[in-house]
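Protein chains in written order, with our numbering: chain G, 1 to 232; chain E, 1 to 265.
Where a beta carbon is used, it is the ideal one built from N, C-alpha and C, also for glycine.
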C-alpha cells in the first residue's frame, strides 16, 4: 500500500471545464451522448425493418436518406461527436477507477448487480468494433464477402450480406451485446442525470430490460429471416 | 462449532501483508462476528501472539466503526447487517471465512482489518452540515415536512459512514455515501437554502479524494447495513447538475475545484 493518490488543486476556472473534470459531470456527458446514440439505434431499427416490406420500400428509404445530404451529415457528425465524447469519458473514468483500487480483493462476490452492468467495459468496445465493421460493409461497401456491393441497392446488399452465415452470426452476437449494454445504459442514464424516484426504480429497470429485448429481437429478426430464406 | 478463519494480517501500511489461517474451535452460534474475533484474540494473546486489530465501538450496528469483507462480501452474508450484528449461526460448522479489510486507495490501511476512513470525514467537512443561528429552539411545527420527504431524508440519514459502499463498489466510489448526506440534508427545509452550495462542495471534495466514479451497478446498496437506496445518488447527481447550471452567487467561495486524480509513488 505504498501508492498514494492525491488530487491537484487548481484555481476555480470555467464552470463548464469544472463540470467536465468532475466524475459526475463526465457521467452526465455519457448519459446525454448515450441517449443520442440510443435514439439513433431506435431510428435505424425502424428504418431497417422496412426490408420486410420489399425491395422498393427500403431502396426508396435509402435513396431518401441520401437525398437530404446536409441533414444526413449533420446527424452523422453529431453521432460521431457523441461516440468520441462517450468513449473519452469512459476511458478517463475507467483509468481513475483502476487507480482507486490498485490492490484487489482475494475474493469478491457480486450480490446486487446485473451481469449487463458488470460487463459494460466489454460490451461497449465489442459493439464499437462491430459498428466499424458494419459501416465498412453496408455503408462504404469495402467489405462485402461472397457478393458484390451495389451502391444504392440497399435490399440486395442487405440480403446478400446476411446470406453469409458468419456475417449474420457476428451481427447477432454484437446486437445481443448491444442489448446488454442498453439494458443497463437505458436505466443508468436517468440515474446519471438525476431523474429517479424510489417508486419508479423497479418500473424503469423493467422498462429498460423490455426496450433492450425488443431492440435485439427487432434487429436480429432481419438476419434470421434472411438465413431462413423468408426474405430473399 | 468450529470455524477456519483466513484473516489478512498486516502490521502497518508500509509492510507487506498476508493471509494467516486460524482455527477457532469454541464458536457459539449466538456470538457475533466480532465476539468470535475476540475469542480468537484471547487465544492469540495467551499464546503470546499479536491479536487481530479490528475497529469496533457500539457493537449494536449504529456507530459505523466496524466492517470488513467476509468471503468477498462487505459485512458478510447477511443483508442490512454490520459485522458486529452478524451472528455466527449464519455459518455452518467447519466453514472457512476469508476476512480482509476494505480495499481502496482512499482508505489507507492502518493495521490488519483497520483502515483510515478520513476521506469520508473530509467530504462531511466540505458541506455535511446546515448553518443555523443559535438561540432558542424554534417551535416544533413552524416548518412542516411532508411524510414522503421526511421518510426520504430519514432513510438517507441512517447512513453510519462505515465505508462498506466504497468497499463493495468495483470502482471504489463513495457516491452512495456522498449521495446519502446530500439527500439527507438537502431534502429537508432546514438544509434547503444551502442545497446548491452543498452539492457543489461535497461532490468536489468527493472528486478530490481518491474515489472512483459511480457506474450505477448497485453493489453499494446491496451491502449497505442501512439499505440506503441507489436513488440518493440520483439526487446527488441532480443537485450537482442543477447547481452547476445555476448562477449561484454564494458558491464562489470555498469550493475546491474538481480535478483529475493523479497517482504518485
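Asked                                                                                                                                                                                          : Found
Starting from the beta carbon of residue 179/G, find every residue of chain E whose beta carbon is closer than 8 Å, and list them in chain order.                                              : Chain E residues near residue 179/G: none, gap ~17 Å exceeds 8 Å.
Go ahead and pull the three-state DSSP assignment for residue 258/E.                                                                                                                           : Low confidence applies here, because residue 258/E scores a pLDDT of 42, under 50, leaving its location unreliable; read the following figure in that light. Three-state result, residue 258/E: coil.
Taking a contact to mean a Cβ-Cβ separation below 8 Å, would you say residue 95/E touches residue 3/E in this structure?                                                                       : yes
Determine, using beta carbons only, whether residue 239/E and residue 199/E come nearer to each other than 8 Å.                                                                                : yes
What's the call for residue 86/G, buried or exposed, on a 16-neighbour Cβ count within 10 Å?                                                                                                   : buried
Residues of the segment 87-103 of chain G in Cβ contact with chain E at a cutoff of 9 Å, in chain order, please.                                                                               : 92, 93, 94, 95, 96, 97, 98, 99, 100, 101, 102 and 103
What are the start and end residues of the alpha helix (DSSP H) that includes residue 195/E?                                                                                                   : 195-208
For a cutoff of 8 Å on Cβ pairs, would you count residue 22/E as touching chain G?                                                                                                             : no
For residue 22/E, report the span of its beta strand (DSSP E) as first-last.                                                                                                                   : 18-24
Relative to chain G, which residues along the segment 226-239 of chain E have a C-beta separation below 8 Å, given in chain order?                                                             : 229, 230, 231, 233, 234, 235, 236, 237, 238 and 239
Are any of the Cβ atoms in chain E nearer than 8 Å to that of residue 202/G?                                                                                                                   : no
Quick test of your reading: residue 169/E and residue 219/E, contact by CB under 8 Å. State the CB separation rounded to the nearest angstrom.                                                 : 6 Å
Name the DSSP beta bridge partners of residue 98/E, please?                                                                                                                                    : 6/E
Comparing the C-beta of residue 120/G with each C-beta of chain E, is any distance below 8 Å?                                                                                                  : yes
Leaving aside the five residues before and after residue 59/E along the sequence, list all residues of the same chain whose C-beta is less than 6 Å from its C-beta, in chain order.           : 84
Check each residue of the segment 95-108 of chain E: if its Cβ is closer than 8 Å to any Cβ of chain G, include it; give the result in chain order.                                            : 98, 100, 103, 104, 105, 106 and 108
State the CB to CB distance for the pair residue 61/E and residue 87/E, rounded to an integer number of angstroms; the pair is presumed to be in contact (CB under 8 Å).                       : Not quite, the Cβ-Cβ distance comes to about 12 Å (not below 8 Å), so this is no contact.
Go ahead and pull the three-state DSSP assignment for residue 35/G.                                                                                                                            : helix
Please work out which residues of its chain come closer than 6 Å, Cβ to Cβ, to residue 178/G, disregarding the five sequence neighbours upstream and downstream, and give them in chain order. : 127
Under 7 Å between beta-carbons, which chain G residues line up against residue 221/E? List them in chain order, please.                                                                        : 112
Where DSSP assigns a beta bridge to residue 104/E, which residues make up the other side?                                                                                                      : 107/E
List, in chain order, every chain G residue whose beta-carbon is nearer than 7 Å to that of residue 241/E.                                                                                     : 28, 193 and 194
Label residue 193/E either buried or exposed according to how many other C-beta atoms from any shown protein chain fall within 10 Å of its C-beta, with 16 as the threshold for buried.        : exposed
According to the neighbour-count rule (16 or more other Cβ atoms, all chains shown, within 10 Å of its Cβ), is residue 98/G buried or exposed?                                                 : exposed
Suppose you measure from the CA of residue 226/G to the CA of residue 159/G; what does that come to, to the nearest Å?                                                                         : 6 Å
Using a Cβ cut-off of 8 Å (strictly closer), state whether residue 115/G contacts chain E.                                                                                                     : no
Ignore the nearest five residues each way along the sequence and tell me which others in residue 100/E's own chain have a CB closer than 7 Å to its CB.                                        : 8, 68 and 69
Evaluate contact between the segment 113-130 of chain G and the segment 180-190 of chain G, counting only Cβ atoms and requiring at least three cross-stretch pairs below 8 Å.                 : yes
Between which residues of its own chain and residue 162/E is the CB-CB distance below 6 Å, once the five residues before and five after are set aside?                                         : 64 and 67
Given that residue 163/E touches chain G, what residues does it touch there, using C-beta distances under 8 Å?                                                                                 : Ordered by position in chain G, no residue passes the 8 Å Cβ test against residue 163/E, which lies about 13 Å from the chain.
Which residues in chain E sit within 7 Å of residue 198/G, going by Cβ to Cβ distance?                                                                                                         : 229 and 231
Quick check on residue 36/E: does DSSP put it in helix, strand or coil?                                                                                                                        : helix
Under 6 Å Cβ to Cβ from residue 205/G, same chain only, skipping five residues before and after it: list those, please.                                                                        : 187
Note the first and the last residue of the continuous alpha helix (DSSP H) segment covering residue 58/G.                                                                                      : 55-67
Taking 8 Å as the CB-CB cut-off, is residue 211/E touching chain G?                                                                                                                            : yes
When you compare only the Cα positions, how much space is there between residue 26/G and residue 104/G?                                                                                        : 25 Å
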